[in-house]
Amino acid sequence: MRRKHMKRNENYILRQVADEYILVPLTSDFDFNGIIALNEVGKEIYDLLPQVASQEELIERLYATFDAPREEITADAEGFLAALREEKILLD
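Numbering (the working numbering), first residue to last: 25 to 116.
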């Protein structure tokens, strides 16, 4: 059986500009006009989305990667995922 993963909107692309990462929409069909800058944690979350099946699994992976309290990682991840959903970058 094929494992289900969290799904990113394929109409956005991740680009590195100097030391920053940005999400850029590939078309102008979206209500959102512009780019989204990602910090190190945001980039890690975006990279992990196709590899994890749930928000809980994502948080566990972040906790194993970053040296921060679980509550802080959970709050930051939940906030960022909510923003990605609102902009329709993360599809459920």
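Where a beta carbon is used, it is the ideal one built from N, C-alpha and C, also for glycine.
**OP:** Determine which residues share a DSSP beta bridge with Ile60 and list them.
**Re:** Numbered from 1 along the sequence shown, position 36 holds the residue referred to as residue 60. Partner(s): Leu47.
Original post:
Of the residues Leu38, Tyr36 and Leu115, which one's Cα is nearest the Cα of Ser78?
Top reply: Against the sequence shown, residue 78 aligns to sequence position 54. Ranking Leu38, Tyr36 and Leu115 by Cα distance to Ser78 puts Leu115 first.
**OP:** Would you please state the rounded distance, in angstroms, between the beta carbons of Ile46 and Ile60? I believe it to be under 8 angstroms.
**Re:** Reading the sequence shown from its first residue, position 22 is the one you call residue 46. Reading the sequence shown from its first residue, position 36 is the one you call residue 60. About 7 angstroms; that satisfies the 8 angstroms criterion.
**OP:** Starting from Leu38, follow its DSSP beta bridges and name the residues at the other end.
**Re:** Indexing the sequence shown from 1 puts residue 38 at position 14. Partner(s): Leu47.
Original post:
According to the neighbour-count rule (16 or more other Cβ atoms, all chains shown, within 10 Å of its Cβ), is Val48 buried or exposed?
Top reply: Stepping through the sequence shown from its first residue, residue 48 is reached at position 24. Looking at its Cβ environment, which holds fewer than 16 other Cβ atoms inside 10 Å, Val48 is exposed.
**OP:** Might you give, ordered along the chain, the residues of its own chain that have their beta carbon closer than 7 angstroms to the beta carbon of Ile97, omitting 5 neighbours on each side?
**Re:** On the sequence shown, residue 97 is found 73 positions in, with the first residue counted as 1. Closer than 7 angstroms at the Cβ level, and outside the excluded window around Ile97, lie Ile83, Leu86, Tyr87 and Phe90.
Subject >> Nearest residue (CA-CA) to Leu50, options Glu95, Glu34, Leu73 and Arg109 >> reply: Translated into positions along the sequence shown, residue 50 becomes position 26. Leu50 has its Cα closest to that of Glu34, out of Glu95, Glu34, Leu73 and Arg109.
**OP:** In angstroms with no decimal places, state the Cα-to-Cα distance between His29 and Val76.
**Re:** To locate residue 29, count along the sequence shown from 1; it is residue 5. To locate residue 76, count along the sequence shown from 1; it is residue 52. Taking the straight line from one Cα to the other gives about 5 angstroms.
Subject >> Neighbour-count burial assignment, Ala106, 16 or more Cβ in a 10 Å radius >> reply: Within the sequence shown, the letter at position 82 stands for residue 106. So Ala106 ends up on the exposed side.
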